[in-house]
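Data first, discussion second: the structure below is written as structure tokens.
In UniProt numbering, the protein residues as written are 1 to 182.
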């Protein structure tokens with residue numbers, strides 16, 4: 001999955017990172033029995049329709065400036081034949097080190113804009129099935145939530161370079177001093 005950060009105009013791209021959230025829920029008025037084949041037209045159209053609903057939901061939210069897009073990963077059957085489980089990933093561009101942008105915020109927006117997690121467009125939802133988690137991003141620098149800004153990395157590299165030059169000069173001066181004493 002790939003989203004471009006350029007969609008967020010407020011901040012320069014080097015100050016942002018992509019943060020993915022797994023958004024999983026159950027649609028109670030969508031029987032899975034007609035969508036058993038993931039390559040079928042019905043399955044693909046349903047995936048596209050759910051993707052459009054998710055995108056529309058976050059585009060009209062307070063997170064619209066950070067929102068990059070959603071992808072529906074798959075549709076699965078449930079124990080109830082009139083229902084379908086949905087696994088999706090929604091991506092947002094957030095500032096490095098931001099501690100306020102978390103899964104609870106994404107969950108609250110989803111819940112509020114789906115009428116207490118019960119209706120998303122033409123789809124009725126099981127409000128007890130909503131599950132939102134941070135999804136590992138290939139664009140994130142690693143497992144750490146606290147990441148260094150771009151300028152700090154440059155400053156660290158510059159400090160290491162100056163330290164290396166200082167150490168080299170110290171070695172040269174020591175060698176010259178030892179040679180003169182001998």
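Positions of the beta carbon are idealized from the N, C-alpha and C atoms, including for glycine.
Because the structure is a prediction, the values reported are computed rather than measured.
Is residue i buried or exposed, if buried means 16 or more other CB atoms sit within 10 Å of its CB?
i	result
residue 153	exposed
residue 167	exposed
residue 182	exposed
residue 174	exposed
residue 158	exposed
How many whole angstroms separate the CB atoms of residue i and residue j, which I take to be in contact at a CB cut-off of 8 Å?
i	j	result
residue 66	residue 94	6 Å
residue 81	residue 33	6 Å
residue 75	residue 43	7 Å
residue 61	residue 113	6 Å
Keeping to the same chain, check which residues put their C-beta closer than 6 Å to that of residue i; ignore five residues upstream and five downstream.
i	result
residue 23	88, 90, 132
residue 149	96
residue 77	32
What does a CB cutoff of less than 8 Å around residue i pick up in its chain, not counting 5 residues either side in sequence?
i	result
residue 70	23, 51, 54, 55, 58, 88, 89, 90, 91
residue 116	127
residue 31	81, 82, 83, 84
residue 35	42, 43, 46, 75, 84
With 8 Å as the threshold, decide whether the Cβ of residue i is near any Cβ in chain B.
i	result
residue 182	The displayed structure is made up of one protein chain only, and chain B is not part of it.
Between which two residues does the alpha helix (DSSP H) holding residue i run?
i	result
residue 33	From DSSP, residue 33 is part of no alpha helix (DSSP H); its letter is neither H nor E.
residue 17	Counting along the chain, residue 17 falls outside any alpha helix (DSSP H), though it belongs to the beta strand (DSSP E) covering 16 to 27.
residue 243	Because the chain is modelled from 1 through 182, residue 243 falls outside the range shown and cannot be assessed.
residue 179	150 to 181
Since residue i is in the beta strand (DSSP E), which residue starts that stretch and which ends it?
i	result
residue 132	131 to 135
Between which residues of its own chain and residue i is the CB-CB distance below 7 Å, once the five residues before and five after are set aside?
i	result
residue 73	87, 88, 89
residue 121	53
In chain order, what are the residue ranges of uninterrupted beta strand (DSSP E) at least 3 long that sit wholly in the stretch 45 to 121? 67 to 77, 84 to 95
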